[in-house]
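Residue numbers (the numbering used here): 1 to 470. Have a look at the structure below before the remarks.
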Amino acid sequence: MKPFRVRFAPSPTGVPHIGNTRTALFDWLLARQTGGQFIVRVEDTDRSRYQPESLEKILEILGFLGLSWDEGPKVGGPYQPYFQSQRLKRYQEVAQKLIDGGAAYYCFCSSDRLGNLRQEQKAAGQIPRYDRHCLSLSKSEIEKKKKAGQYVVRLKMPDNQNFIWTDLVQGRIAINSKDLDDQVLLKSDGFPTYHLAVVVDDHDMEVSHIVRGVEWISSTPKHLFLYQSLGWQIPQIMHLPLILGPDKTKLSKRHGAKSVLDYRDEGYLKEALINFMVYLGWSYQDNSKLLSLEELVEVFDYKKIQKQNAVFDIKKLDWFNGYYIRMKSDKELAKLLKPFAPSGVNESLLIKITPLIKDRMVKLSEFESLAGFFFEAPKVTGDFLAKKIKGDYKNYLEKAAQTLQPIEDWQEKEITSRLMGLIEENNWPTGDFFMALRIAIAGSCYTPPINDSMVVLGKERVLKRIGALL
RNA sequence: GGCCCCAUCGUCUAACGGUUAGGACGCUAGGUUCUCAUCCUAGUAAUGCGAGUUCGAUUCUCGCUGGGGCUACCA
């Protein structure tokens, strides 16, 4: 396959959610597997929604997932700057070229007039669109108005032209220009709109494949017309299916859609996030197989991308995450757990706790509820014990303490054998006895194996916790 | 409303025009177990509807229905 030169073009208006990030993942996969380039280009043309801190977050997401970029912020590249706000001159120059060639025109209409127009059209049951009020202005009128005030540059869409392209994912798509509005290309503040900037930059930066969400399909003819008017070669086009919220509409903040950073902070592993994202709208022959980024570079096939939108299912992400947690070695997992453990935690203690909670964790953030009792004595009342334990819990605990007290070799094997002996001797129900011990020591009915936990806690603390309830 | 797109278990998805329509997640049940979980086993559940083409449609065509996207001086 020819090298794909693709760009991920985030707009720094907030932290992108997982749907937008998936596009970056697909971009990266395509670039890496074809030996091409993955470019990050910052589409910061909307100064009203601009959030300066969001770019750092976007780059942090890519870094966290391991999606390195070849050109873009921080790393530069042969086509810099990679910030659209720094390329204004070029857009203005292209806009002028379009005006000269008759493919664009100045528009001096006020937003008031535009608003009224739209309202009237809607009221009349018409399609709201610009009425080309400024199209027929004479040269001198234009010059006069340009001096007098602000203006925009609009694309002069052909009245009736079929725009047809073969989308690498969606197949053949045809849209007639008569359904399209005269899009503003250059805003009154001198900044370009997406439509102008994306075409200019993709051309200038020699992007070979445009990869983006299907929400862009309807504006693609505008871009096609721009390429045509400028005499530029059209890149390959690939529109990715959307990720939908539970209500089956486009995933958005409204759904509480989170960013990869949010998931990371909740204790989701990058491996889980990557598999989750890649399997939303794409499939592998063995679709029960979980794949590493390296394996994905090998097996990813854009021809297997779905045309259908995919619904976000957190249960699946949870399962992926639990799976990857279990796959980690204790050492690796302990390292990942550190940010979720009490600050200044002793590493050798952490690595002892890790195997006890590994099979029980879906997210790293569950560390506290699962392992908190290793650090702080739980608050347990006799009432609670009496409610949960069928037998005489005081008797259980008292005898347990007496049995545990003399143990020299504080190991699981020894503890278990002594305790089992005690149970047999008294003919106690095993589960009931251990539950009493479990609650006394860990403060919950659901905990890691209690004898192993006692080993980690140490004899002294175990006896102290038991003693507190006698 | 207009334009464009889509349609297989609840969800993500497989299936040269010929399969008992497969897998994964979820869910249910059973086994293992000191709890919970892991693990193992089994089960549950889908081709939206109607025509047409064909010996034979999940698969091809048309219509309907349903769903989604777009319809900004936002991307």
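Positions of the beta carbon are idealized from the N, C-alpha and C atoms, including for glycine.
Here residue 442 is not near residue 397, since their CB atoms are 8 angstroms or more apart.
In this structure, DSSP gives residue 167 an extended state, which the three-state scheme calls strand.
The closest CA to that of residue 440, considering only 78, 421, 459 and 465, is found on 465. By the Cβ criterion, the region 380-390 is not in contact with the region 345-352, since fewer than three pairs of Cβ atoms, one from each stretch, lie closer than 8 angstroms.
Apart from sequence neighbours up to five positions away, the residues of its chain that approach residue 434 with a beta-carbon distance below 7 angstroms are 450, ordered along the chain. It is roughly 11 angstroms from the alpha-carbon of residue 280 to the alpha-carbon of residue 287.
Under the three-state reduction of DSSP, residue 9 is assigned to coil, being neither helix nor strand. Residues 10, 12, 55, 73, 82, 83 and 84 of the same chain have their beta carbon placed closer than 7 angstroms to that of residue 42, with the five preceding and five following residues left out of the count. For residue 37, the enclosing beta strand (DSSP E) begins and ends at 37-40. For residue 342, the secondary structure class from DSSP, reduced to helix, strand or coil, is coil.
For residue 199, no beta strand (DSSP E) segment is defined; the enclosing uninterrupted segment is the alpha helix (DSSP H) at 194-204. DSSP, reduced to helix, strand and coil, places residue 75 outside both helices and strands of the structure shown, so it counts as coil.
Between residue 362 and residue 321, the C-beta gap is smaller than 8 angstroms, which places the two residues in contact. A residue is called buried once 16 or more other Cβ atoms fall within 10 Å of its Cβ, and residue 430, having fewer, is exposed. Residue 312 is positioned such that its CB atom lies no closer than 8 angstroms to that of residue 242.
The straight-line gap separating the alpha-carbon atoms of residue 328 and residue 47 is approximately 44 angstroms. By the Cβ neighbour-count rule, residue 314 is exposed, with fewer than 16 other Cβ atoms within 10 Å of its own. Excluding five sequence positions before and after residue 164, the CB atoms of its chain that fall closer than 6 angstroms to its own CB belong to 174, given in chain order.
Within its own chain, the residues whose Cβ lies closer than 7 angstroms to the Cβ of residue 308, once the five positions on either side in sequence are excluded, are 241, listed in chain order. Straight-line measurement puts the Cα of residue 129 at about 14 angstroms from the Cα of residue 222.
Minimum Cα-Cα distance from residue 127 among the listed residues 111, 78 and 181 corresponds to 181.
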